[in-house]
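Numbered according to the numbering used here, the sequence shown spans residues 57 to 182.
Just so you know, even glycine gets a beta-carbon here, dropped at the ideal spot from N, CA and C.
These figures come from a predicted structure and were not determined experimentally.
A short write-up of the structure that comes next.
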Amino acid sequence: MSNPTFRSGPITFEAATKLEKFRLVAVADGKVQHAAATGGVFGAVTEKADPNNNALPTDIAVHIGPASVKLEVDGGDATAIKAGAAVFAAADGKVAAEGTVQVGVAAWDGEGDRVLTTLTTPIANS
57 MSNPTFRSGP ITFEAATKLE KFRLVAVADG KVQHAAATGG VFGAVTEKAD PNNNALPTDI
117 AVHIGPASVK LEVDGGDATA IKAGAAVFAA ADGKVAAEGT VQVGVAAWDG EGDRVLTTLT
177 TPIANS
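Take a look at the structure:
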């Protein structure tokens, strides 16, 4: 009898720095940190983590495509992103309606400071 092989679902990584929830992350030296507006994006986190805070976990689940997750929009207003529109990486792991690195497609219209995004990650470092 063989062991199962998992083909989808989040992957656990150690946090390199403090991570806020609803942010994109990149992998560096085997750990995750908030992704930049340019460069690689591995996936997204939906919880907080902090290797320097004992009240928060140091390991975190990283969601990759085709998962759909809420993501925080740069500038705090998600209403400009409509269902079906491209979603792009922005600074500090946030997303925007425009950019150079597309990370997914909006599943619903953006609301408040978040947009439900179907991820197309991981995206390799360029």
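Considering residue i, what are the terminal residues of the beta strand (DSSP E) in which it resides?
i, result
"H90", "87-90"
Could you give the distance in angstroms between the alpha-carbon of residue i and the alpha-carbon of residue j?
i, j, result
"A162", "A111", "33 Å"
"Q89", "Q158", "18 Å"
"A180", "A91", "12 Å"
"V151", "I120", "15 Å"
"G96", "G166", "24 Å"
"G160", "F78", "14 Å"
"G65", "A100", "12 Å"
"G140", "W164", "7 Å"
"A84", "I67", "15 Å"
"G133", "E70", "The residue asked about is misnamed: residue 133 is Asp in this sequence, not Gly. Answer to the nearest angstrom: the Cα atoms are 30 Å apart."
"T156", "V118", "22 Å"
"T135", "P178", "25 Å"
Under the three-state reduction of DSSP, which class applies to residue i: helix, strand or coil?
i, result
"T73", "coil"
"T174", "strand"
"E167", "strand"
"A100", "strand"
"T94", "coil"
"A105", "strand"
"A82", "strand"
Report task. Examine the Cβ distances between the segment 104-122 and the segment 68-86 and report whether three or more of them are shorter than 8 Å. Result -> Pairwise C-beta distances place the segment 104-122 in contact with the segment 68-86, as three or more of them are shorter than 8 Å.
Requested in this report: Taking 8 Å as the threshold, find out whether the segment 145-158 comes into contact with the segment 117-125 through three or more Cβ pairs.
Outcome: no
Query raised in the report: Okay, do the segment 126-140 and the segment 160-176 touch, 3+ Cβ pairs below 8 Å being the bar?
Result: In short, these stretches touch, since the Cβ pair count reaches three.
Query raised in the report: Going along the chain, which unbroken runs of the beta strand (DSSP E) with 3 or more residues stay wholly within the segment 113-165?
Result: As summarised for the segment 113-165, the continuous beta strand (DSSP E) elements at least 3 residues long and confined to that stretch are 115-118, 124-128, 142-145, 158-162, given in chain order.
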